[in-house]
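In terms of our numbering, the sequence shown is residues 181 to 381. Where is the CB? At the ideal position from N, CA and C, for every residue including glycine. Below: the structure, in structure tokens.
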Amino acid sequence: DRGRKKQGSSKLKPMGSVHGASVGVHASDAANAWRNIARVSDDRNALASLIIGAYHTAGQRGNVTDEPFHAEALDALKTKDRDRLLAETGSAIRGRDQARASALVQRYGELGHPLRPVMNLLLGFAVSEDGALHAEKYYHTVEEEFSATREKFRWRQPVALARVTASEYGLSPGASRDTPKAGGERAPGYEEACDLLKVGA
181 DRGRKKQGSS KLKPMGSVHG ASVGVHASDA ANAWRNIARV SDDRNALASL IIGAYHTAGQ
241 RGNVTDEPFH AEALDALKTK DRDRLLAETG SAIRGRDQAR ASALVQRYGE LGHPLRPVMN
301 LLLGFAVSED GALHAEKYYH TVEEEFSATR EKFRWRQPVA LARVTASEYG LSPGASRDTP
361 KAGGERAPGY EEACDLLKVG A
């Protein structure tokens, strides 16, 4: 998915972005929701939920490319050090570099590093960034789906989350289109909540 086209872009969802009500985020959140509904429903509604989930997901496939979005960035990576991979992921997110953020998390997973540190890193952005009202929800989807997905495919979930996180960084309702890439604004209410909880913003 190459992200939003110019025609569907806006100040908070610029061309190339994939956060908010995007094809991938909606397909993932919908599949997660319908699967959870099916899990607690009777047989009739479980089957209906699975059909609706499949229909919704299949309808989002139009922008999928033959090669992974971050293939070139992955080929260019050299480091295998866990701490450096995490640090560079944070830097890529703050630079809104979707391809590099995705590649770093994929390499991290390929090397067998534990999930929790990378999810903790991404959680910090999920609560601090606006994400067009989808940041926390999509984080929760990825956390659930990682556990439910077959081992061969499960790292695709945090890889996608890294891309969405880089896409949404700094694009809060108060942010300007010209906001420097390294200086994004926080989600509305985030700093006030940190003050009330007496934790660092």
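- Taking one beta carbon from each stretch, the stretch 332-352 and the stretch 280-292 have 3 or more pairs nearer than 8 Å; the two touch.
- Contact annotation: the stretch 319-330 touches the stretch 201-218, with at least three C-beta pairs closer than 8 Å.
- With respect to the 8 Å criterion, residue 207 and residue 250 are not classified as neighbours on the basis of their beta carbons.
- C-alpha of residue 226 to C-alpha of residue 332: approximately 26 Å in a straight line.
- Beta-carbon to beta-carbon, residue 342 and residue 281 are separated by about 4 Å, close enough to satisfy the 8 Å threshold.
- In this structure the stretch 287-299 does not lie against the stretch 344-353, because fewer than three pairs of beta carbons, one per stretch, are closer than 8 Å.
- Going by C-alpha positions, residue 321 is about 26 Å away from residue 379.
- Secondary structure at residue 260: coil, using DSSP grouped into helix, strand and coil.
- Taking C-alpha positions only, residue 183 is separated from residue 273 by approximately 16 Å.
- Residue environment for residue 202: buried (at least 16 other C-beta atoms within 10 angstroms of its C-beta).
- Excluding five sequence positions before and after residue 316, the CB atoms of its chain that fall closer than 8 Å to its own CB belong to 306 and 307, given in chain order.
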